[in-house]
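Trainee:
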Amino acid sequence: MSESLLRVNDLRTYFHDAGAIARAVDGVSFDVARGETVAVVGESGSGKSVTALSILRLIRNPGRIEAGSSILFEGREMLGLSEKEMRDIRGNRIAMIFQEPMSALNPVLTVGEQIAEVVRVHTDASRHEAWERAVEMLALTGMSDPRERATAYPHEMSGGMRQRVMIAMALVLRPALLIADEPTTALDVTIQAQILELLQKLQEQLGMAVLLITHDLGVVAEVADRVVVMYGGEVVERATVTELFDSPQHPYTEGLMNAMPRLDQKTARLTTIPGIVPPSTSWPGGCRFRDRCAYAWERCEMEHPPLYAVGENHESRCHLAIEPDRRQSPHEPLAARAGAHQ
Amino acid sequence: MAAESIGTSTHWTRHVVRHAGFAGGVLALIVVVALLAPLISPYDPIAQPDIIGLKNAAPSFVHPFGTDSFSRDVLSRCIYGARVSLSVAGLATVIAVTLGTLYGAIAGYAGGVIDAVMMRFVDAALAIPRVLLLIAILALWNGLPLWLLVVVLGVTGWFGLSRMVRAQVLSLRELDFVAAARAVGASSPRILIRHILPNVVPTIIVAATLGIGHVIILEAGLSYLGLGVQPPSASWGSIIQDGADQVGSAWWISLFPGLLIVTTAIACNALGDALHAAFDPRHTTGAMAELDS
Chain C
1 MSESLLRVND LRTYFHDAGA IARAVDGVSF DVARGETVAV VGESGSGKSV TALSILRLIR
61 NPGRIEAGSS ILFEGREMLG LSEKEMRDIR GNRIAMIFQE PMSALNPVLT VGEQIAEVVR
121 VHTDASRHEA WERAVEMLAL TGMSDPRERA TAYPHEMSGG MRQRVMIAMA LVLRPALLIA
181 DEPTTALDVT IQAQILELLQ KLQEQLGMAV LLITHDLGVV AEVADRVVVM YGGEVVERAT
241 VTELFDSPQH PYTEGLMNAM PRLDQKTARL TTIPGIVPPS TSWPGGCRFR DRCAYAWERC
301 EMEHPPLYAV GENHESRCHL AIEPDRRQSP HEPLAARAGA HQ
Chain E
343 MAAESIGTST HWTRHVVRHA GFAGGVLALI VVVALLAPLI SPYDPIAQPD IIGLKNAAPS
403 FVHPFGTDSF SRDVLSRCIY GARVSLSVAG LATVIAVTLG TLYGAIAGYA GGVIDAVMMR
463 FVDAALAIPR VLLLIAILAL WNGLPLWLLV VVLGVTGWFG LSRMVRAQVL SLRELDFVAA
523 ARAVGASSPR ILIRHILPNV VPTIIVAATL GIGHVIILEA GLSYLGLGVQ PPSASWGSII
583 QDGADQVGSA WWISLFPGLL IVTTAIACNA LGDALHAAFD PRHTTGAMAE LDS
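Read top to bottom, the protein sequences are chains C and E. Yeah, the first sequence ends on 342 if you go by my numbering, and it's all consecutive. Yeah, the second sequence ends on 635 if you go by my numbering, and it's all consecutive.
1. Just list the residues that DSSP pairs I603 of chain E with in beta bridges.
2. Just by C-beta distance, which residues in the segment 90-113 of chain C are closer than 8 Å to chain E?
3. Along the chain, which unbroken stretches of the alpha helix (DSSP H) at least 4 residues long are found entirely within the segment 451-483 of chain E?
4. By the three-class DSSP mapping on this structure, what secondary structure does M78 of chain C have?
5. Report the rounded CA-to-CA distance for L503 of chain E versus L490 of chain E, giving the unit in angstroms.
6. In the DSSP assignment, what are the bridge partners of E315 of chain C?
7. What is the DSSP secondary structure of G27 of chain C, reduced to helix, strand or coil?
8. For the beta strand (DSSP E) holding Y231 of chain C, just list the boundary residues, first then last.
9. Can you give the Cα-Cα distance for M257 of chain C and R149 of chain C, rounded to whole angstroms?
10. What residue from E:A424, E:G579, E:P391 and E:S580 has the CA that sits closest to S413 of chain E's CA?
11. What first and last residue would you give for the beta strand (DSSP E) that runs through H16 of chain C?
12. Report the option in E:I547, E:S529, E:I533 and E:A523 whose CA atom is closest to the CA atom of M506 of chain E.
13. Please report whether the beta-carbon of N484 of chain E lies at a distance below 8 Å from any beta-carbon of chain C.
14. Could you tell me which chain E residues have their CB closer than 8 Å to the CB of L58 of chain C, listed as they occur along the chain?
15. Using the beta-carbon count (16 or more within 10 Å), is N484 of chain E buried or exposed?
16. Can you tell me whether DSSP reads S635 of chain E as helix, strand or coil?
17. Quick one: what's got a C-beta closer than 7 Å to G432 of chain E's C-beta in the same chain, skipping five residues either side?
18. Pop quiz: L199 of chain C and V210 of chain C are said to be a contact at Cβ under 8 Å. What is the actual Cβ separation, rounded to whole angstroms?
19. Per DSSP, L212 of chain C forms a beta bridge with which residues?
20. Look at E43 of chain C and H155 of chain C and say whether their C-beta atoms are less than 8 Å apart.
21. Return helix, strand or coil for L199 of chain C, following the three-state DSSP convention.
22. Excluding the five sequence neighbours on either side, which residues of its own chain have a C-beta within less than 7 Å of the C-beta of V494 of chain E, listed in chain order?
23. Over what stretch of residues does the alpha helix (DSSP H) that includes A509 of chain E continue unbroken?
24. Can you tell me the Cα-Cα spacing of A528 of chain E and G568 of chain E, whole angstroms?
25. Counting only runs of 4+ residues fully inside the segment 79-114 of chain C, write out the alpha helix (DSSP H) ranges in chain order.
26. Here's the rule I'm using: 16 or more other beta-carbon atoms within 10 Å means buried, otherwise exposed. How should F598 of chain E be labelled?
27. Please identify the residue among E:Q583, E:C610, E:R515 and E:N611 whose C-alpha is closest to the C-alpha of R60 of chain C.
28. Does the separation of the CB atoms of V473 of chain E and G563 of chain E fall below 8 Å?
29. Following the continuous alpha helix (DSSP H) through F73 of chain C, name the residue where it begins and the one where it ends.
30. Distance, Cα to Cα, T382 of chain C vs A95 of chain C?
31. By the criterion of Cβ-Cβ separation under 7 Å, what are the contact partners of R87 of chain C in chain E?
32. Is it right to say H537 of chain E is buried, meaning 16 or more other beta carbons lie within 10 angstroms of its own, or is it exposed?
33. Alpha helix (DSSP H) containing I546 of chain E: first to last residue?
34. Would you call K84 of chain C buried or exposed, if buried means 16 or more other Cβ atoms sit within 10 Å of its Cβ?
35. Can you find at least 3 beta carbon pairs, one from the segment 324-335 of chain C and one from the segment 278-297 of chain C, that sit closer than 8 Å?
36. Along chain C, which residues have their Cβ under 8 Å away from the Cβ of D518 of chain E?
Written out as structure tokens, the structure reads:
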């Protein structure tokens with residue numbers, strides 16, 4: 001593996017609110033190499049978006065990145081940087097695109113102004129130079145007639161166009177890392193494919209790494225090199241994309257895959273994972289997934305599973321790694337039984 | 343659907359434009375008259391041609407608004423008075439809007455304790471009636487200079503606006519585009535000035551338009567009480583005061599400046615309301631339909 005661009009180590013982001021502590025991100029580690037695409041997958045409440053915001057240190061009160069966490073970017077410890085130094089990195093070395101392109105764009109500024117603004121914040125470029133770079137970047141996102149489009153306001157554009165603008169804003173300074181938080185969730189399926197294709201093309205052209213936050217395994221299969229599966233504020237499985245899809249080890253990953261429609265298998269009905277993610281203020285002891293798991297046994301209640309190595313570059317936070325026989329005897333998860341009684 | 347929404351939106355637009363246009367036209371006329379006063383004014387506003395023969399002459403073709411007790415032409419005095427009234431009100435409003443916007447924006451953006459302390463001060467200031475506050479302050483001077491009157495009117499006029507701006511900034515700063523601005527490395531002052539304040543501009547414009555009308559009346563009231571504009575300068579308010587003790591015999595001295603004050607204030611309010619309607623997203627059917635799609 002090449003030199004790592006971003007190394008997140010034991011990241012803990014807790015929200016302290018009126019005595020309760022929500023451990024939204026609870027000891028997450030992973031790294032991203034230059035130029036590669038790492039997908040962070042998980043359902044709502046798994047801590048993936050908080051992880052993304054933590055990397056840019058955009059967590060606001062009452063949230064806090066706890067002592068002992070470490071985020072190394074280009075060899076520098078980001079958690080020790082001043083706010084001023086962080087501002088130099090944001091939008092410049094690490095950029096982020098948001099899920100909802102309508103609300104993430106300022107309604108009273110033209111899209112060209114908003115892209116140029118990024119240039120003006122970080123460089124000495126004149127108003128005119130910044131504008132030229134904005135137009136150039138819009139052209140790079142495949143927008144026809146970029147000079148004219150730059151003078152449009154966000155509400156004059158379609159969802160796909162706005163997401164192109166967001167991408168242009170993020171990439172205008174050629175960052176080394178792009179964090180994309182559910183970049184296609186708010187878009188039509190046909191537009192989704194276009195945007196993903198565009199992101200991949202630009203990634204190749206500009207040689208940046210992408211940290212893709214998503215709940216959509218279809219997207220992951222399409223673009224990712226490696227995958228980090230999150231559940232309950234933790235990494236539960238980490239593997240290359242082929243490894244993960246060929247042999248998912250964690251029951252949660254398995255569940256996510258079964259919940260996804262596939263063309264090569266005939267299934268009458270998609271399976272769901274019973275229950276919901278427990279609240280982050282009270283993670284259960286032992287394994288955090290056990291109530292929703294079809295294999296859970298006593299050990300899962302007593303012992304918090306570590307990340308077991310289950311193959312080359314493949315880790316899983318499940319005791320099945322050391323007691324593989326248990327896989328033969330699935331049962332109904334606790335959450336499903338509780339649900340049936342209601 | 344599309345055709346219908348376009349239809350209603352143009353109809354509505356015409357409606358607003360007509361009202362705003364009329365009110366704006368009246369205001370523009372008054373401003374032009376004030377600017378061109380030396381060219382338009384039929385007489386010298388402070389000349390006293392015949393203090394006995396032309397005293398309190400009723401309106402006529404020669405003196406359309408009549409003359410006052412010093413034989414001065416009331417029309418000319420009203421034309422020159424427009425300069426004083428409008429510039430005092432305009433400048434005072436500029437001061438008030440600047441202070442209110444800055445104060446409210448800082449409180450709303452900072453939030454927390456800073457916001458709480460800043461806003462309690464505004465609450466306290468709003469609890470004192472403005473006229474009372476002005477009378478108390480102005481009574482400290484004996485014949486205060488015009489610029490000081492402007493400053494005092496401005497400094498006492500920003501409390502309400504600061505609240506509106508603060509409320510807007512408070513909700514704006516939670517929006518995604520502010521988070522996005524932070525994510526591209528913009529500093530707090532930059533986010534406030536470049537990203538948030540442009541969204542507050544409609545509120546400020548409406549408040550300023552309404553504010554001017556209000557200050558014109560306020561200044562007239564103070565001048566009427568002898569606390570405002572001091573002679574030899576004359577505002578509409580002080581012209582009313584000139585004729586106040588002889589309204590029974592020479593009503594024209596007070597009536598015409600009074601009508602001008604009312605007209606200007608109503609025009610300001612109408613324009614402010616029309617602008618408010620134009621900026622209010624709930625009225626802009628066309629734009630909203632587009633947002634939904």
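Each residue gets a CB set at the ideal place from its N, CA and C atoms; glycine is no exception. Quantities reported herein were computed from a predicted structural model and do not represent experimental measurements.
Mentor: So, from the listed chains and residues:
1. In the DSSP output, where bridge partners are listed per residue, I603 of chain E has none listed.
2. Hits within the stretch, in order: R90, G91, N92, A95, M96, F98, E100, M102, S103, A104, L105, N106, P107, V108 and L109.
3. Counting only runs of 4 or more, we get 454-469 and 472-480.
4. Helix.
5. Whole-angstrom Cα-Cα distance: 21 Å.
6. For E315 of chain C, which the question treats as bridged, DSSP gives the partners C:R238 and C:A309.
7. DSSP places G27 of chain C in strand when its eight states are reduced to three.
8. Where Y231 of chain C is concerned, the enclosing beta strand (DSSP E) stretches over R226 to Y231.
9. Counting only the Cα atoms, R149 of chain C lies some 40 Å from M257 of chain C.
10. Measuring from the Cα of S413 of chain E, the nearest candidate turns out to be E:P391.
11. Where H16 of chain C is concerned, the enclosing beta strand (DSSP E) stretches over S4 to D17.
12. The shortest Cα separation from M506 of chain E among E:I547, E:S529, E:I533 and E:A523 belongs to E:I547.
13. Cβ-Cβ to chain C under 8 Å: no for N484 of chain E.
14. Simply A521, R524 and A525.
15. Under this definition N484 of chain E is an exposed residue.
16. Note that S635 of chain E scores a pLDDT of 31, beneath 50, so its modelled location is shaky and nothing firm can be said.
17. Contacts found: I554.
18. In this structure L199 of chain C touches V210 of chain C by the C-beta definition: roughly 7 Å separates them, less than 8 Å.
19. Listed as beta-bridge partners of L212 of chain C by DSSP are C:A39 and C:A180.
20. No. Outside cutoff.
21. Of the three classes helix, strand and coil, the one that applies to L199 of chain C here is helix, per DSSP.
22. Contacts found: L476, I479 and L480.
23. Per DSSP, A509 of chain E is one residue of the alpha helix (DSSP H) stretching across F501 to L514.
24. Distance between the alpha carbons of A528 of chain E and G568 of chain E: 51 Å.
25. Counting only runs of 4 or more, we get 83-89.
26. With 16 or more Cβ atoms within 10 Å of its Cβ, F598 of chain E is classed as buried.
27. Proximity to R60 of chain C across E:Q583, E:C610, E:R515 and E:N611 peaks at E:R515, based on C-alpha coordinates.
28. Judged by their CB atoms, V473 of chain E and G563 of chain E are nearer to each other than the 8 Å cut-off.
29. Bounds of any alpha helix (DSSP H) do not take in F73 of chain C; it lies within the beta strand (DSSP E) bounded by S70 to F73.
30. No answer is possible for residue 382 of chain C: it lies beyond the span of chain C, which begins at 1 and ends at 342.
31. Contact annotation for R87 of chain C against chain E: G527 and S529 [CB-CB distance below 7 Å, chain order].
32. Buried, by the Cβ-count rule.
33. V543 to Y566 is the span of the alpha helix (DSSP H), which, as asked, contains I546 of chain E.
34. It counts as exposed.
35. Three or more beta-carbon pairs drawn from the segment 324-335 of chain C and the segment 278-297 of chain C are found closer than 8 Å, and the two stretches are therefore classed as touching.
36. Residues of chain C passing the Cβ test: F98, E100, S103 and A104.
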